[in-house]
Amino acid sequence: DTAVSQTPKYLVTQMGNDKSIKCEQNLGHDTMYWYKQDSKKFLKIMFSYNNKELIINETVPNRFSPKSPDKAHLNLHINSLELGDSAVYFCASSQEASGAHNEQFFGPGTRLTVL
Amino acid sequence: DAKTTQPTSMDCAEGRAANLPCNHSTISGNEYVYWYRQIHSQGPQYIIHGLKNNETNEMASLIITEDRKSSTLILPHATLRDTAVYYCIVTHQRGNKLVFGAGTILRVKS
Chain A
454 DTAVSQTPKY
464 LVTQMGNDKS
474 IKCEQNLGHD
484 TMYWYKQDSK
494 KFLKIMFSYN
504 NKELIINETV
514 PNRFSPKSPD
524 KAHLNLHINS
534 LELGDSAVYF
544 CASSQEASGA
554 HNEQFFGPGT
564 RLTVL
Chain B
13 DAKTTQPTSM
23 DCAEGRAANL
33 PCNHSTISGN
43 EYVYWYRQIH
53 SQGPQYIIHG
63 LKNNETNEMA
73 SLIITEDRKS
83 STLILPHATL
93 RDTAVYYCIV
103 THQRGNKLVF
113 GAGTILRVKS
C-alpha cells in the first residue's frame, strides 16, 4: 500500500491556468508538508499543516494555497501559473509526537511543466 | 538551523563501505543531525538521525564527532541501489522543518 500518494504524477499546462495537486497519506500522521524541487534540484519546504492548521508557511507567492480538508489530505492549489512554477512538487507527512523525532515520509512527486 | 557542507560527489565500489562526510561547525546544542537520501526520480527517504552519540539502524551508521562539528554517514556494504543524492540536515529535534542543501551524489559502481 502506498503510504503517501500524489496525483497527478505529471501535469503539463499553459501559463495563466489554475491547477491543483492532490496528496493523501494513509499513515495516520498529523502533519503534512509540501516541498518544491526546482530545475537545479534544490528541495525547499513550502508549507506544513498539523491537524488541518498551517504551521509553516515559507516565502511562497500568494498564488499558492494549500488546502487540508482533513488530516489525511493536503492539496496544493496554484493560481495564474507562471513559467517559474515548473518544478517537481513533493508531498510529505510525519507523526507529530511530543519529544520524538519526526521522520518525514515523502510521496513520489508531481512534475509540473508550465508552457 | 545550522548550515551543512558536503562534498559534491563521491564514488564507491559495490560491496565496499561508503563513508559520506558532513561538516556542521555552527550546530547548536539542541540541534540534531538528520540524513535523507533521494534516489533518482523518487521522493527523499529518511535514513538516520542523531544528537551526539553514534547511531546504527538497518540502513546505515551515523558517527558524530565529540565536538559535534562534523559527522559521517556509513553505508556498510554499498549496492548499486544505494546510488542517490545524500542530504545531511541539521535541525531541531522535531525535524519538522527540513532545509535541504545540495547534498552529495553517491555513485556506486560495479
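Chains as they are written, first to last, in the numbering used here: chain A, 454 to 568; chain B, 13 to 122. For each residue, glycine too, the CB sits at the ideal point set by N, CA and C. Values in this document were obtained by computation on a predicted structure and should not be read as measured data.
Under 8 Å between beta-carbons, which chain A residues line up against residue 52 of chain B? List them in chain order, please.
Contact annotation for residue 52 of chain B against chain A: no contact, minimum CB-CB distance about 11 Å [criterion: below 8 Å].
Identity of the residue in B/32, B/61, B/19, B/33 nearest residue 146 of chain B by Cα:
Residue 146 of chain B lies beyond the stretch modelled for chain B, which goes from 13 to 122, so this question has no answer here.
Cutoff 8 Å: residue 501 of chain A Cβ touching any chain B Cβ
Proximity of residue 501 of chain A to chain B, defined by a Cβ-Cβ separation below 8 Å, is satisfied.
Can you pull the chain A residues whose beta carbon is under 7 Å from the beta carbon of residue 110 of chain B, in chain order?
Under the 7 Å cutoff, chain A gives 498, 557.
What residues in the stretch 20-37 of chain B have a beta carbon less than 7 Å from any beta carbon of chain A?
The stretch 20-37 of chain B vs chain A, Cβ under 7 Å: nothing.
Please list, in chain order, the residues of the stretch 502-533 of chain A that have any C-beta partner in chain B closer than 8 Å.
Cβ proximity to chain B below 8 Å picks out 508, 509 from the stretch 502-533 of chain A.
Quick check on this structure: which residue in A/540, A/546, A/513 has the alpha carbon closest to the alpha carbon of residue 527 of chain A?
The option with the nearest alpha carbon to residue 527 of chain A is A/546.
For residue 522 of chain A, is the classification buried or exposed, using 16 other Cβ atoms within 10 angstroms of its Cβ as the cut-off for buried?
By the 10 Å Cβ count, residue 522 of chain A comes out exposed.
Which of helix, strand or coil DSSP assigns to residue 49 of chain B
Note: residue 49 of chain B maps to strand in three-state DSSP.
Please decide whether residue 461 of chain A counts as near chain B, where near means a Cβ-Cβ distance under 8 Å.
Interface flag for residue 461 of chain A against chain B is unset, since no Cβ pair is found closer than 8 Å.
Which of helix, strand or coil DSSP assigns to residue 92 of chain B:
Residue 92 of chain B sits in a helix when the DSSP states are folded into three classes.
For residue 560 of chain A and residue 457 of chain A, believed in contact at Cβ under 8 Å, the rounded distance
Correct: roughly 4 Å between the Cβ atoms.
Please check if any C-beta of chain B sits within less than 8 Å of the C-beta of residue 554 of chain A.
Chain B contact via Cβ: present.
Cut-off 6 Å between Cβ atoms - residues of its own chain near residue 475 of chain A, not counting five sequence neighbours on either side
Closer than 6 Å at the Cβ level, and outside the excluded window around residue 475 of chain A, lie 460, 528.
Selected residue, minimal CA-CA separation from residue 540 of chain A, among A/533, A/562, A/520, A/557:
When only C-alpha atoms are compared, the closest one is A/562.
If you check the beta carbons only, do residue 34 of chain B and residue 83 of chain B fall under 8 Å apart?
Result yes, Cβ atoms of residue 34 of chain B and residue 83 of chain B sit closer than 8 Å.
Sequence-distant residues of the same chain with beta carbon closer than 8 Å to residue 65 of chain B, five excluded per side
For residue 65 of chain B, where only same-chain residues beyond five positions count, the Cβ hits under 8 Å are 76.
Check residue 538 of chain A in the structure and name its three-state DSSP category.
In the three-state reduction of the DSSP assignment, residue 538 of chain A falls in the helix class.
Quick one: measure Cβ to Cβ for residue 26 of chain B and residue 116 of chain B, integer angstroms, because I've assumed they're closer than 8 Å.
That belief does not hold up - the Cβ atoms of residue 26 of chain B and residue 116 of chain B are roughly 18 Å apart, past 8 Å.
On a Cα-Cα basis, can you pick out the residue from A/565, A/494, A/507 that is closest to residue 20 of chain B?
Taking only the C-alpha atoms, the option nearest residue 20 of chain B is A/494.
Check the Cβ-Cβ distances between residue 566 of chain A and every residue of chain B, and say whether any is below 8 Å.
No, because no Cβ of chain B sits closer than 8 Å to the Cβ of residue 566 of chain A.
Burial state of residue 485 of chain A, where buried means 16 or more other Cβ atoms lie within 10 Å
Counting the other CB atoms within 10 Å of its CB gives residue 485 of chain A a total of 16 or more, which places it among the buried residues.
Residues of chain A with CB closer than 7 Å to the CB of residue 89 of chain B, please, in chain order.
By Cβ distance, chain A contributes nothing, its closest Cβ being about 23 Å from residue 89 of chain B, past 7 Å.
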